[in-house]
């Protein structure tokens, strides 16, 4: 099993992609349902904006947005550091393969397979960086919208919905970035074994689903 094109490696890769992309696609389609965290939190964001836009003093809201933006910024910076650490590994493929060959029990040991796995990790964390920076930009947009004066009752209703949606969308992209970290960790298992990648992909898929639809946090928030 020394090449990525081996059947088990291909199956592992497809399982990994399906677990990640399939779950993200499912969540995108059913995100507005009230049986998941995204749908319920949208209601709370609507309530937040209804109260926020009526108040003149928005210092608490500014602090909350600042905290959200700092969290996103931290993960964006971390993604860059991870990418910077992964790129040099591409030039040391033969040395690393020789080093890990004694502890790798089922995974592919060819330099091509190693480089493709490193490239997969780089792509994952580049993707996460774009998700985090886009979430950060949307939080910036939300901060401007929140402090924009409202002239009429109709504008107020529109502003509540608009602001809640931009906040929810920012949170959605932040969650997608976090999810990419989960699956980036899963991708590491491929260096050990394609079988481990298959099991890890399915396990993380189930963990994500449970947290979104069956978690204790969901029960607390929804009641």
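In our numbering, the protein residues as written are 238 to 460.
Backbone N, C-alpha and C define an ideal beta-carbon position, used for all residues, glycine too.
Here the structure is a predicted model, which is why all the values come from computation and not from measurement.
Environment of residue i [buried if 16+ CB atoms lie within 10 Å]
i: residue 303; result: exposed
i: residue 449; result: buried
i: residue 411; result: buried
i: residue 322; result: exposed
i: residue 232; result: Residue coverage of the chain in this structure runs from 238 to 460, which leaves residue 232 outside it and unanswerable.
i: residue 314; result: exposed
Alpha-carbon spacing of residue i relative to residue j, whole angstroms
i: residue 256; j: residue 427; result: 15 Å
i: residue 381; j: residue 368; result: 20 Å
i: residue 389; j: residue 379; result: 19 Å
i: residue 458; j: residue 444; result: 19 Å
i: residue 327; j: residue 377; result: 36 Å
i: residue 311; j: residue 371; result: 14 Å
i: residue 395; j: residue 419; result: 36 Å
i: residue 301; j: residue 405; result: 14 Å
i: residue 402; j: residue 353; result: 38 Å
i: residue 292; j: residue 452; result: 34 Å
i: residue 287; j: residue 398; result: 9 Å
i: residue 341; j: residue 245; result: Here the model assigns residue 341 a pLDDT of 48, short of 50, so the residue's position is not dependable, and the following value carries that caveat. Taking the straight line joining both Cα atoms gives about 16 Å.
i: residue 247; j: residue 439; result: 15 Å
i: residue 264; j: residue 279; result: 14 Å
Minimum C-alpha distance to residue i - residue among the options
i: residue 447; options: 404, 324, 360, 274; result: 274
i: residue 408; options: 424, 422, 251, 308; result: 308
i: residue 358; options: 347, 350, 320; result: 320
i: residue 441; options: 455, 456, 424; result: 424
Check whether the stretch 385-395 touches the stretch 427-438, counting contact only when three or more Cβ pairs, one atom from each stretch, lie closer than 8 Å. Flag = no, the stretch 385-395 and the stretch 427-438 do not touch.
Is the stretch 355-369 close to the stretch 277-287, with three or more CB pairs under 8 Å? no
What runs of the alpha helix (DSSP H), each 4 residues or longer, lie entirely inside the stretch 259-306? 260-266, 274-289
Within the stretch 332-415, note down every full alpha helix (DSSP H) run reaching 4 residues or more, in order along the chain. 348-383
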